[in-house]
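The sequence shown begins at 0 in numbering that gives the first Met the number 0 and counts up one residue at a time. Where a beta carbon is used, it is the ideal one built from N, C-alpha and C, also for glycine. Have a look at the structure below, then the notes.
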Amino acid sequence: MPPQDPHTPPLALVMVGLPARGKTYISRKISRYLSWLGYQTRVFNVGNYRRARLGAAQAHAFFDPTNAQGVEARRQLAMAALRDMLKWLKGGGQVGIYDATNTTGERRRLVLEECGKAGVQVVFVESICDSAVVEANIREVKLGSPDYVDMTPEEAADDFRARIAHYERSYEPLDDPELAYVKLIDVGRQVVVNGVEGYLCARLVFFLMNIHTDRRAIWLTRHGESEYNVQNRIGGDPELTALGKGYAKNLASYIQERVPKSQEFVLWTSTLRRTWQTAEPIGRELTQWRVLDEIDAGECDGMTYDEIRRERPEEFRARAEDKLRYRYPRGESYADVIQRLEPVIVELERQKRPVLVVSHQGIIRGLYGYLIGRPQEECPHIQVPLHTLIEMTPTAYGYEERRIKLGPELG
Ligand code: F6P
Numbered sequence: 000m001p002p003q004d005p006h007t008p009p010l011a012l013v014m015v016g017l018p019a020r021g022k023t024y025i026s027r028k029i030s031r032y033l034s035w036l037g038y039q040t041r042v043f044n045v046g047n048y049r050r051a052r053l054g055a056a057q058a059h060a061f062f063d064p065t066n067a068q069g070v071e072a073r074r075q076l077a078m079a080a081l082r083d084m085l086k087w088l089k090g091g092g093q094v095g096i097y098d099a100t101n102t103t104g105e106r107r108r109l110v111l112e113e114c115g116k117a118g119v120q121v122v123f124v125e126s127i128c129d130s131a132v133v134e135a136n137i138r139e140v141k142l143g144s145p146d147y148v149d150m151t152p153e154e155a156a157d158d159f160r161a162r163i164a165h166y167e168r169s170y171e172p173l174d175d176p177e178l179a180y181v182k183l184i185d186v187g188r189q190v191v192v193n194g195v196e197g198y199l200c201a202r203l204v205f206f207l208m209n210i211h212t213d214r215r216a217i218w219l220t221r222h223g224e225s226e227y228n229v230q231n232r233i234g235g236d237p238e239l240t241a242l243g244k245g246y247a248k249n250l251a252s253y254i255q256e257r258v259p260k261s262q263e264f265v266l267w268t269s270t271l272r273r274t275w276q277t278a279e280p281i282g283r284e285l286t287q288w289r290v291l292d293e294i295d296a297g298e299c300d301g302m303t304y305d306e307i308r309r310e311r312p313e314e315f316r317a318r319a320e321d322k323l324r325y326r327y328p329r330g331e332s333y334a335d336v337i338q339r340l341e342p343v344i345v346e347l348e349r350q351k352r353p354v355l356v357v358s359h360q361g362i363i364r365g366l367y368g369y370l371i372g373r374p375q376e377e378c379p380h381i382q383v384p385l386h387t388l389i390e391m392t393p394t395a396y397g398y399e400e401r402r403i404k405l406g407p408e409l410g
């Protein structure tokens, strides 16, 4: 769990930027990251309020700053989302992400005022992108938006460019030294920070410095079957079984077919032999990370689940009651594991090359939980079977997942 300071007010991250600058992409990334770290986090997207209340078919004229009716309708939608966010923060939420354009000083003052009245701290997050990033975003994300179901791609792209032009006419980039803000230029290429302080915000800035919008596959897998898996024993540093070695071969063929030798590739394992033995047949340079070692079962390391139940019944019961917080005597809890995985997450975000992580059940649960945006409570219960490769392909705002059973089948 994150450190809780009762004197720390709830936080609103207020997005700023023209349309197609990746605000929603960034909002969702922040939300996944903070939820996974244990903060109650939620995104309030004003575009969704518009689509829900007015339908999805507003042409660009709706966004014209000289269209008084449009301006008023948009103000009301923005206020409705803001009110909902403040209500949620008052009810125990910790970080609200206000995903809207907020491109005028006037709108930002209004947001600040409302947050101030509610005792909510505000940090603005502005996204500025060059035209190539914007065009790619229009093509890859916006044309698939519910706003454009009835238009050809060309009509939709033209309408969206006209929408951007309306916002450009009234856009005032952030430059008030009194405000706390983070300016992201080309999503992570350059980061400008002003007036941001505190543990959570500093951590967030570090995270934002490492994200980007390049798309590449991430593969996650447990090691092949080990001698301990067969005996139902936990921890240790056992060898692979013959079946486990079979999985290593199958995994190697699968990866080699998809990542040609000429392509750069990142291969991470833990320091335990069952993981690097699984990765070695791929024939690529690999990095062993100690932070990718399996959850430390402490005094229970090397025991079977049955032995723990019989010999340490109080431990067995305590773990069944709260698998996230339960800490093995002289070992770790899942909450500890999630904390130690944070550098891996940041490094995973930073990488622009395809990545394969060969690790262990508890660790893959933690990493996968992050990628699919699961809160901490759910991570210890995620199913991660042996001999199954999890393939995560980036989509507009997250990942599409495929689970590939590579065999050999286990008895
Ligand atoms: O059983 C294999 C294993 O990797 C153990 O080494 C580890 O303790 C366990 O899985 C983690 O799974 P769970 O938290 O469900 O016991």
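Is there contact here, the segment 315-334 with the segment 175-183, by at least three beta-carbon pairs under 8 Å? Under the Cβ criterion (8 Å, minimum of three pairs), the segment 315-334 does not count as touching the segment 175-183.
In angstroms with no decimal places, state the Cα-to-Cα distance between H211 and L36. Roughly 20 Å separates the two Cα atoms.
List the whole-angstrom C-beta distance separating T274 from L250, where the pair is believed to meet the contact cut-off of C-beta under 8 Å. Not quite, the Cβ-Cβ distance comes to about 11 Å (not below 8 Å), so this is no contact.
Name the DSSP bridge partner or partners of K404? The partner list for K404 (beta bridge, DSSP) reads T387.
Using the rule of at least 16 other Cβ atoms within 10 Å of the residue's Cβ for burial, across every protein chain shown, is S26 buried or exposed? By the neighbour-count definition (other C-beta atoms within 10 Å, threshold 16), S26 is a buried residue.
Quick check: the Cα distance between P18 and N47, rounded to an integer number of angstroms? Spanning the two alpha carbons is a distance of roughly 14 Å.
Just how far apart, CA to CA, sit S130 and R138? So the alpha carbons of these two residues sit roughly 12 Å apart.
Pick out whichever of G115, E171, E134 has its Cα sitting closest to the Cα of R82. Taking only the C-alpha atoms, the option nearest R82 is G115.
Would R316 and V133 qualify as a contact pair, given that the criterion is a beta-carbon distance under 9 Å? Contact check for R316 against V133 fails: the beta carbons are separated by 9 Å or more.
Throw me the rounded Cβ distance for the G301 and V336 pair, which I believe falls under 8 Å. For G301 against V336, the beta-carbon gap comes to about 19 Å, at or over 8 Å, which does not count as contact.
Between the Cα of V70 and those of N101, L142, E177, spot the shortest distance and give me the residue it belongs to. Checked all of N101, L142, E177; the closest Cα to V70 is N101.
Suppose you measure from the CA of L142 to the CA of A156; what does that come to, to the nearest Å? As the crow flies, the alpha-carbon of L142 is around 7 Å from that of A156.
In whole angstroms, give me the CA-to-CA distance for R74 and R108. Rounded to whole angstroms, R74 to R108 spans 13 Å at the Cα level.
Measuring only the C-alpha atoms, how far is G416 from L88? Residue 416 cannot be examined here, being either before or after the span of the chain that is shown, 0 to 410.
Could you check if A296 belongs to the surroundings of the ligand F6P, using beta carbon to heavy atom distance under 8 Å? Flag set: Cβ of A296 near the ligand F6P.
Element boundaries [beta strand (DSSP E), containing N44]: Segment 40-44, the beta strand (DSSP E) holding N44.
Taking only heavy atoms of the ligand F6P into account, decide whether any of them is closer than 8 Å to the Cβ of N44. No, Cβ of N44 sits at least 8 Å from all heavy atoms of the ligand F6P.
For R374 and S34, which I take to be in contact (beta-carbon distance under 8 Å), what is that distance rounded to the nearest angstrom? In the sequence on display, residue 374 carries Pro and not Arg. Right, the Cβ-Cβ distance comes to about 5 Å (below 8 Å), so this counts as a contact.
Three-state class that DSSP yields for K351 in the structure shown: Residue state, collapsed to three classes: coil.
Starting from N193 and walking both ways along the beta strand (DSSP E), at which residues does that stretch end? Per DSSP, N193 belongs to the beta strand (DSSP E) from 189-193.
Skipping 5 residues on each side, what residues in its chain have a beta carbon closer than 8 Å to that of D158? Around D158: A58, H59, Y147, M150.
Leaving out five residues before and five after R329 in sequence, what residues of the same chain have Cβ atoms less than 7 Å from its Cβ? Correct list, in chain order: G297, E298.
Just how far apart, CA to CA, sit I96 and I29? Their backbone Cα atoms lie some 8 Å apart in a straight line.
Using beta-carbon positions only, say whether H222 and Q276 come within less than 9 Å of one another. Yes, they are a contact pair.
How would you write the range of the beta strand (DSSP E) that V121 sits in, first residue to last? Note, V121: beta strand (DSSP E), 120-127.
Please report the straight-line C-alpha distance between R449 and I294, rounded to a whole angstrom. Because the chain here runs from 0 to 410, residue 449 falls outside it and cannot be looked at.
Which partner residues does Q287 have in the DSSP bridge list? When beta bridges are read from the DSSP output, Q287 appears opposite T268.
Closest Cα partner of Y32 within the set P342, K248, S269, M14: It is P342.
What is the rounded straight-line gap between the Cα of H165 and the Cα of R283? Just so you know, the alpha carbons of H165 and R283 end up roughly 50 Å apart.
Helix, strand or coil at P64 according to DSSP, with G and I counted as helix: Three-state result, P64: coil.
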